[in-house]
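What follows is one structure encoded as structure tokens, with my remarks underneath.
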Amino acid sequence: MLQVPNLLYRLAIFNGVRTFRGVSTGGVKTCGIISCIDDTLKGYGKSFDINSKIVMPTTFQSIDISTTHKTNTNDEGTFYMPVTFTTNMMPFQPLNFSFNIKNVNKISSHKMNFTKARNDLLTFAIYGRNFGKVGLEIKTMKFFWELCVLILLPIASYQLSSPSSPSYIGAVVEYSPVHQSQNEKSISVLNAENYLKFIAKASQYAVDIIVFPESSLSMSSSSNKTIARTEAASYIPDPQDNVVPCYDDKEKYASSLKLISCAANEHRMYVVVNHREKVDCSGDGCPADGFLTYNTNVAFDRRGQVIARYRKYNLFGERGTNITSEPIPSTFTTDFGVTFGLFVCFDILFQTPTLNYTRNLGVTDIIFSAHWFSELPYLFSVEAQAAWAYANDANLLAAGFNYPRTASGGSGIYIGRKGYSHVIYENKASNVLVVSEIPKVINGKRSLNINQNMVQTYEFKTAEISTTEENRTGIYLHKTDNLKPYTTELIDLTQSVQNKTICDRGLCCQINLKVKFDESLVKNDTNYYRYRFSVFNGVRSFSGVATGGVKTCGIIHCTDDTFEGCGQIFDLTGNNVKPTTFESIEVLMQEVDKQNTFYMPITFAKDIKPLNASGFFFDSVDSDEAVNHYMRLTKPNDDLLTFAIYGRNFRLDGTEASASSVIFVAPLLILSTILTTLLVMQELSYVGAVVEYSPVKSANGGVSVADQNTENYIKFVAKASEYKVDILVFPESSLSSSPSYIPAPEDKVTPCDETKEEYSTALKSMSCAAKKYGMYIVINHREKFDCEASNSTECPVNGLLIYNTNVVFDRSGQVIARYRKYNLFGEKGINTEPVAVPSTFKTDFGVTFGQFICFDILFETPTLNLTRDLGVTDIVYSNHWFSELPLAYGVEVQGAWAYANDVNFLSSGYNNPKTASGGSGIYIGQEGYVKVISEDKASNILVVAKIPKVVNGKRVLDIDEKELHVVTFNKSEISTSDVSGTGMYTYKTSDLSPYTSELIDVKQSSYNKTLCNRELCCDFKLKMDYDDSIVNEDSKYYRYRLAVFNGTMSFAGAATGGVKACGVIACTADSLDTCGKLFQPDKKFVAPVTFRSIDIRVPRAGSEKNFFIPATLAKNMQPLNATEFSFGIVGPKEAQDYEMTLKKPRSDLLSFVLLGRNFALDGGPVTKGLSSLMSSSSALLWTVVLANTAASPEDFSLGRLPVTHFGIIEKSVIPTTNTNG
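In the UniProt record's numbering, the protein residues as written are 1 to 1221.
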């Protein structure tokens, strides 16, 4: 497992004689805290390798040491002193601690304490010398101090981020700088001192990295441009020189730079500031004063060393400031495993160096210091920041220079396409610290979502930073873009549906609207926004300092019907009303120049913030000829100001700005292309449906079982057609038809049209249903196959092979795919292919599906062939599962597998709760599930959902619960439906005796443990709350155990397989044999245990043959949804771990387990200690006695054992009936 070096601490007391390196001996008395590099005493006084990446996880909020002892004549030769030492090899400053000695009535007391939080402690102790013991032999003496008390109040364990953690803590600063000095201090020093206040405050939140704005530190008071150019400038060390300005006594580094370096060192924090830099020069191009000056970002590491500098390349005027001959991207890598890129303000609108980071260097985290001048409607500060971060899917830490009088300001922390954690734009002089947990991008994905509980803001008062203004107004100052060259058209807000194609200079955009306008809100004295379609394709001027190519399509706001009112905003305190609600907006544009353009989604609302990611969608889909850019409003919005695709055309940079708009008539070919592309882009999802079906098991009035089930299947198809379902999936083995020949897909047969008797009635009927309703349908059917000519396997006497087969019909009823189950669960009489043959099929809605059946899900082939080798992102899964607790409940495994593979997973289950069969759902990979079905009664349920497509490795839409439909068929519709449930769930319980297990003391608020089983060691960190007040003698409540297993298990005798498991499981009592059991419905049940967090880590060694999934289950018999936990691989390649973390408190957990398969052990002997399937001592642990159930012989055939995966079964309950598997 990855071990990150970090300091540990010991309490230490000594009263005796020591040697001073053999030179002499002396009496010593000491009481205090010492640091160690490991958990042994030998680790004291040693240091880590200087090149190690060390974390400082412990912050001492305060320490109090008190010693008392009786005095005697020997004490006249004693002396006591306070010893302090820190990781920067310096003692505490005297103001940071206190030390006192008192002698009263022959009692001597010494007290030492500090109250300022520190995470850099090496030593804090009272150290005494007993001179009366000089020269004596070293020996253990009688304890002399009668009392030594150490009080740590409290010890707060802030874990600084490490390379293996899935996130880090970042902070940005919105800062209103000091512009004038009232004393002898320079403006730069005054601003630096304010910076220190931000850094100190950030250290209280265990911040890893803090970012300050552009130009707010090294400011000059001189009105003379020549003097101002260099007055506040400083030499800045080359990162290769490994300079710590704090320790450098040379005068070449400005005091402001040194102060920041020292603060980074003191608080052990990465700090990024913007500082004017001066560089010596001579010869041509060198100014008369002999200096070049740059607008430079400087990055300090936790020691205060300069590790990066970036010289701004795209200057916004900035007379007297130089640039390098070519843009030079600058990156730095941190000890928490993240590499950052840096750029400054106006750079964000240009190709270099900004897009070099994301397109060429693969940088995912960006530092952005800005002194921005906000402009509407497209380039308000936070509007542009959010758009750039979303388009690049980058973590962006943006810090803004705050000066509302010039429309300057705007800061935020943006998490790429997941949206922002917090943005700030103030209309008053403000000094605000924003702190947020930032999910890392690992292997192209973030394993965490934004956690608003991990976002903090702190606004400094005027008493703390003098530039702060206390009162704000409703007026926001801003610049307005020159919109005269744009093509615009006023939107008629009373027209509810509008589809518009609008063009400017060869660029045509398709904009579709659905809008509601409440005219009753509009009065003579009210203000409300109007809107215009707006398109531009040309060159604009950026405030006269540069020109650049721009392409934009969208909707902009106006304060009245005139063109001149666009880009203006009302006073927020005015009589403003919101009569306009945009129910949907779609914007589409096309770009053929892929290399020299960049597009981003511009959004802005009346709260002076961009829309967050859940409110819109934007993506670019690349084709051979062009890139299609598509943007869509995903939630109704009545606060909108701007909604547009904003593009930069870098080829036109530096050319003359465009004049007035040009009328352009779009050729029919362009319009046709746009409309066709829009139709494709609109299909960013498809409609899928799954079936939880309780089949008919006996003939009725001469109607066969197969015919009755087929009739019921068609009821599901008909109902699904009402919701325009694209694909419908049925369960395994629930059709109960006799084996049928099944056409090979390459033969392109439509059984509905065939008169041959070789195809069963069920097969033909389902083909006809697919054709009638225009729907893809997946069924499971036993297949017979002639084998006289087969050389691949021994042919039975009857000349037929029998397979457990999934069959796929397209919308015309044609068989387009068949898959023969490879991993049989017993299923005597059923054959398999010689090797696993993955099966896929393509649809007319652009999705390729893979398929497998039930027990396959636990094996490497063909399941992982589909995802790992073939890149399949959507799976159809038919199952007849027998649920087992605590690790293999049906929906528990389905959700975990879908999450681990990040696939869309359509699962249909055979429903028979009496034998623990059932479980269906629609799962959207790591986005979570749309709906899960886990019933305690015989049920027939159709689940319909809109399923986001995976496009270029990403889902372009979120789960839309409004598009979820659940239809439960009653008994009059399908006779097998039960009217009501019992609340009792039938299940199998695993044999956990081979596990290493430990009962969790749930009354401890924190519980950390490493538990091992057969060379697998798992790390657990738990935080819990326990409510003792609700527990009495009659109460029923779950206890919890840690459980670890590493070995080979029998899957009910059907197969053996390697299993690795590390997790927390619920038990009905303290003993291990009660784990995996459930309490039945009872008013006496209580839930006193709340898990606030659970963190489980497992080494990833030997990962090629290991596959881990996050198995979770709650008391409602459903898995946790994706927002409640995280799962992924963390750490550097050489030492990676699997990690699973509970992110939201739960008091109803049944299991929370990192569950792994070790395919290398498949087929091997069962690990010693695990009961064998055929053992006479095996016990079947059913909650409901099977003798009292109405299970059919089919349910108990070798193909349908009433257990599945990690358990055992009594041989005597296995009938010999040969039915479909």
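Even glycine gets a Cβ: it sits at the ideal position worked out from N, Cα and C.
DSSP, reduced to helix, strand and coil, places L379 within a strand of the structure shown.
Annotation for V441: T364 place their beta carbon closer than 6 Å to its own, counting only its chain and skipping 5 residues before and after.
Listed in chain order, the non-local C-beta contacts of P731 below 7 Å within the same chain comprise V691, Y693, N780, S878, N879, H880, S908, G909 and Y910, local neighbours out to five positions each way being set aside. When Cβ pairs closer than 8 Å are counted between the two stretches, the stretch 540-547 is seen not to touch the stretch 493-511, the count staying below three.
Around the beta carbon of R319, a 10 Å sphere encloses fewer than 16 other beta carbons of the protein chains shown; the residue is thus reported as exposed.
Annotation: the continuous beta strand (DSSP E) that includes K931 extends over Y929 to I933.
Linking A264 to G565 through their CA atoms gives a straight-line distance of about 48 Å. Looking at the backbone, the Cα of K821 and that of P886 are separated by about 26 Å.
For the 8 Å CB-CB criterion, T832 and S765 do not form a contact. Runs of the alpha helix (DSSP H) lying entirely within the stretch 184-212 and spanning at least 4 residues, in chain order: 187-203. With a cutoff of 8 Å on beta-carbon distance, I450 and G419 are scored as near each other. Secondary structure of I1030 (DSSP, three-state): helix. Within the stretch 379-413, the complete alpha helix (DSSP H) segments at least 4 residues long are 381-392, listed from N- to C-terminus. Rounded to whole angstroms, the gap between the alpha carbons of I511 and D607 is 24 Å. Between the alpha carbons of E1139 and D1028 lies a distance of about 31 Å. When Cβ pairs closer than 8 Å are counted between the two stretches, the stretch 1016-1028 is seen not to touch the stretch 1072-1084, the count staying below three.
One Cα belongs to L217, the other to V273, and the distance between them is close to 8 Å. Taking 8 Å as the cut-off, the Cβ atoms of R276 and T293 count as close. In the three-state DSSP reduction, L521 falls in the helix class (H, G or I).
Within the same chain, D208, I209, I210, A264, A299, F300, D301, R302 and T334 come within 8 Å of Y270 by CB-CB distance, once the 5 residues on both sides are set aside. For N194, the closest C-alpha among the options N356, I34 and I465 is that of I465. With respect to the 8 Å criterion, K946 and D958 are not classified as neighbours on the basis of their beta carbons. Contact annotation: G409 and E174 have beta-carbon atoms nearer than 8 Å. For a cut-off of 8 Å, the C-beta gap from C246 to S261 is around 4 Å, short enough to register as a contact. Burial state of G27 is buried, judged by a 10 Å Cβ sphere holding 16 or more other Cβ atoms. Nearest neighbour of G506 by Cα position, chosen from T462, N524 and C553, turns out to be C553. If you draw a straight line from the Cα of K937 to the Cα of N806, it is about 26 Å long. In the DSSP assignment, K516 is bridged to T581. With fewer than 16 neighbouring CB atoms inside 10 Å of its own CB, D844 falls in the exposed class. Ranking I1109, T473 and D593 by CA distance to the CA of L858 puts I1109 first.
With 16 or more other CB atoms across the displayed protein chains lying within 10 angstroms of its CB, R782 is buried. Under the 8 Å Cβ criterion, the stretch 723-741 counts as touching the stretch 755-763, having at least three qualifying pairs. When the beta-carbon positions are compared, S436 and V455 come within less than 8 Å of each other.
The residues I777, F809 and G813, in chain order, have a CB closer than 6 Å to that of A770 in the same chain once the five nearest residues on each side in sequence are set aside.
Non-local beta-carbon contacts of F92 in its own chain, meaning distances under 6 Å to residues more than five positions away in sequence, involve T84 in chain order. Buried is the label assigned to D504, since at least 16 other Cβ atoms lie within 10 Å of its Cβ.
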